[in-house]
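Numbering (the numbering used here), first residue to last: 91 to 451.
Laid out in structure tokens, this is it:
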């Protein structure tokens with residue numbers, strides 16, 4: 091049998107072996123002056139990136155509490171108009187998160203009316219139908235004989251009575267219908283549902299709530315009237331979710347009626363990302379172009395929290411030495427902050443990998 095050919099070791103595997111060997115010799119350690127020695131192989135593993143800090147003048151920003159709300163033009167409720175029992179369509183009852191189209195049948199409501207009551211309704215409808223026929227004939231006869239005393243007044247009175255009888259009959263006819271069709275009012279996703287097969291619903295009760303996830307707004311509140319007035323002058327704003335996701339906003343308008351002594355402000359989310367939920371709290375950031383402040387702008391991911399909860403950034407003081415600095419920051423937008431104290435211009439700040447460096451503390 092021929093000798094087996096030697097298997098070539100991949101270049102990446104050889105590189106990883108060299109990297110691990112280097113880490114075994116050079117380990118990260120804290121120095122007496124508070125800085126940290128981080129060897130080059132570990133920096134490459136953490137993908138450390140730095141940026142030179144430059145001082146600039148930037149507009150001040152204002153933070154406002156807000157929450158995600160649906161666009162009124164892309165939000166619809168499906169309600170029952172009569173007392174009845176819910177019945178599913180042939181395709182089954184739609185569930186939460188299911189995408190529906192406008193006009194799609196979501197279910198039925200069978201009127202909850204007994205046999206005796208149904209018979210009484212039929213008798214009443216028959217009686218009203220007979221009276222409508224007789225009254226309509228009387229009106230036609232009165233219109234033909236012009237010599238009848240006070241003919242115009244009698245014709246008007248008969249027409250008013252005829253219209254009242256027709257409205258009474260229209261109010262009773264839905265009780266004789268076998269089913270009320272529940273249709274989707276808009277294109278969107280089922281975000282709330284109380285539909286259960288056989289459940290009794292009352293008139294005006296909401297059964298389905300449909301929201302278009304591509305058309306979402308943010309409702310913020312401003313306690314300071316000056317802030318609300320300044321917000322109306324900006325063309326754009328931003329917001330940050332509790333998870334740190336940034337959202338681009340466009341100002342829509344503000345309300346004239348105060349809500350809990352605050353001015354309501356509405357913003358439209360441009361290109362909403364997947365996973366946004368209606369009612370989710372967010373922090374809205376609005377720039378005040380009339381007021382400027384000098385500081386060092388930097389990406390939000392470069393600012394981390396130490397064990398005490400203080401904000402800090404990492405400075406590259408030497409090729410393998412990093413120094414943490416406690417800083418004071420102000421929000422610029424959803425993706426960057428302004429360092430107003432704690433850092434001098436010209437320092438090289440870690441913009442990627444700062445969270446991994448903070449694990450050494």
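Yeah, the Cβ is synthetic: ideal placement off N, Cα and C, and Gly gets one too.
Kindly list the residues whose CB is nearer than 6 Å to the CB of residue i, restricted to its own chain and excluding five residues on each side of it in sequence; keep chain order.
i, result
"residue 371", "157"
"residue 278", "300, 301 and 302"
"residue 272", "168, 196 and 197"
What residue from the options has the CA that sits closest to residue i's CA?
i, options, result
"residue 389", "263, 362 and 445", "445"
"residue 270", "196, 418 and 185", "196"
"residue 422", "146, 121 and 120", "146"
"residue 309", "364, 292, 374 and 366", "374"
"residue 396", "226, 360 and 447", "447"
"residue 154", "377, 429 and 412", "377"
"residue 341", "168, 143 and 360", "360"
"residue 130", "122, 123, 419 and 118", "118"
"residue 286", "186, 122 and 124", "186"
"residue 429", "330, 275 and 144", "144"
"residue 201", "293, 242, 181 and 179", "293"
"residue 357", "216, 161 and 150", "161"
In whole angstroms, give me the CA-to-CA distance for residue i and residue j.
i, j, result
"residue 188", "residue 165", "15 Å"
"residue 344", "residue 328", "16 Å"
"residue 298", "residue 255", "35 Å"
"residue 295", "residue 304", "26 Å"
"residue 450", "residue 409", "17 Å"
"residue 415", "residue 392", "12 Å"
"residue 289", "residue 176", "5 Å"
"residue 383", "residue 434", "15 Å"
"residue 115", "residue 125", "Residue placement at residue 115 cannot be trusted, given a pLDDT of 49 that sits under 50; the coordinates are not used to answer."
"residue 354", "residue 346", "8 Å"
Determine which residues share a DSSP beta bridge with residue i and list them.
i, result
"residue 160", "306"
"residue 123", "Residue 123 is not bridged to any residue."
"residue 395", "401"
"residue 192", "DSSP, once it has assigned bridges, lists no residue as partnering residue 192."
"residue 427", "388 and 421"
"residue 176", "199"
If I measure Cβ to Cβ from residue i and keep anything under 8 Å in the same chain, skipping five residues before and after, which residues do I get?
i, result
"residue 334", "390"
"residue 369", "157, 158 and 159"
"residue 163", "305"
"residue 352", "311, 312 and 313"
"residue 245", "229, 232 and 233"
"residue 121", "127 and 411"
Keeping to the same chain, check which residues put their C-beta closer than 7 Å to that of residue i; ignore five residues upstream and five downstream.
i, result
"residue 425", "336, 389 and 390"
"residue 332", "371"
"residue 225", "248, 251, 252 and 255"
"residue 443", "136, 137, 138 and 139"
"residue 221", "255"
Do the stretch 130-145 and the stretch 248-263 touch if we need at least three Cβ pairs shorter than 8 Å? Cβ pair count under 8 Å is below three, so no.
Count the CB pairs spanning the stretch 432-443 and the stretch 394-412 that are closer than 8 Å, and state whether there are at least three. With the cut-off at 8 Å, the stretch 432-443 and the stretch 394-412 touch.
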